[in-house]
Structures are given as C-alpha cells and as structure tokens.
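Mapping to this note's numbering: the sequence shown position 30 is 37, numbers consecutive.
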Amino acid sequence: MQENDEPKIDGDVSSLKRKISGAGQAILGEIEQLAGVITADPLAQQEGKFNVEVGELREDIESDLKEDRDSDE
Numbered sequence: 008m009q010e011n012d013e014p015k016i017d018g019d020v021s022s023l024k025r026k027i028s029g030a031g032q033a034i035l036g037e038i039e040q041l042a043g044v045i046t047a048d049p050l051a052q053q054e055g056k057f058n059v060e061v062g063e064l065r066e067d068i069e070s071d072l073k074e075d076r077d078s079d080e
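Right, dumping it as structure tokens:
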C-alpha cells in the first residue's frame with residue numbers, strides 16, 4: 008500500500024512547490040513594483056506589475072490542473 012501512497016505524496020509536494028513558486032513570483036513582483044515607485048523607475052514598476060500578474064496566472068493554472076486531476080480520479 009505504501010507504493011500507492013508515495014506518488015500521491017510526491018504529487019502533493021510538487022503541487023505545493025508550484026503554488027509557492029507562483030506566490031513567490033507575485034510577492035517579488037510586488038517588491039519590484041514598489042522599488043520602481045521609490046526609485047521613480049517606470050520600467051521597474053511595469054516589470055513588477057507583470058511579475059505579479061504572471062504569479063497569479065501560475066496559481067490559477069495550477070489550481071485548474073489540480074481540479075482536472077482530481078475529477079479524473
């Protein structure tokens with residue numbers, strides 16, 4: 008039975024890593040956006056905004072993929 012449980016655990020850990028990765032990108036984007044405001048650098052502000060959006064999209068995609076995997080089981 009342990010062999011059947013191991014892939015699920017690995018999948019959950021992998022899913023958690025991807026979620027953290029998306030959230031981490033969003034957080035770094037917020038920091039970068041704030042740094043752009045402080046330094047009056049519009050390019051850094053826009054790059055930060057872009058990274059926030061990408062991080063949110065990564066989280067959404069991962070959530071959708073998890074729902075699809077769960078519905079297939």
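Glycine included, C-beta positions come from ideal geometry on N, C-alpha and C.
Can we count residue i as close to the ligand COA, meaning its CB is less than 7 Å from some heavy atom?
i: Arg76; result: Only the bare structure without any ligand can be found here, which leaves the ligand COA out of the picture.
Quick one: residues in its chain with C-beta nearer than 8 Å to the C-beta of residue i, no 5 flanking neighbours on either side, listed in chain order?
i: Leu50; result: Gly43
i: Glu63; result: Gly29, Ala33
So the alpha helix (DSSP H) residue i belongs to, where does it begin and stop?
i: Asp71; result: 49-79
Can you give me the C-alpha to C-alpha distance between residue i and residue j, rounded to a whole angstrom?
i: Arg65; j: Ser28; result: 8 Å
i: Ile45; j: Glu69; result: 33 Å
i: Gln9; j: Ser78; result: Note that Gln9 scores a pLDDT of 46, beneath 50, so its modelled location is shaky and nothing firm can be said.
i: Glu80; j: Glu60; result: 31 Å
Quick one: is residue i buried, meaning 16 or more other Cβ sit within 10 Å of its Cβ, or exposed?
i: Gly55; result: buried
i: Gly31; result: exposed
Could you name the residues of the same chain whose beta carbon sits closer than 7 Å to that of residue i, not counting the 5 residues immediately before and after it, in chain order?
i: Glu39; result: Ala51, Glu54, Gly55, Asn58
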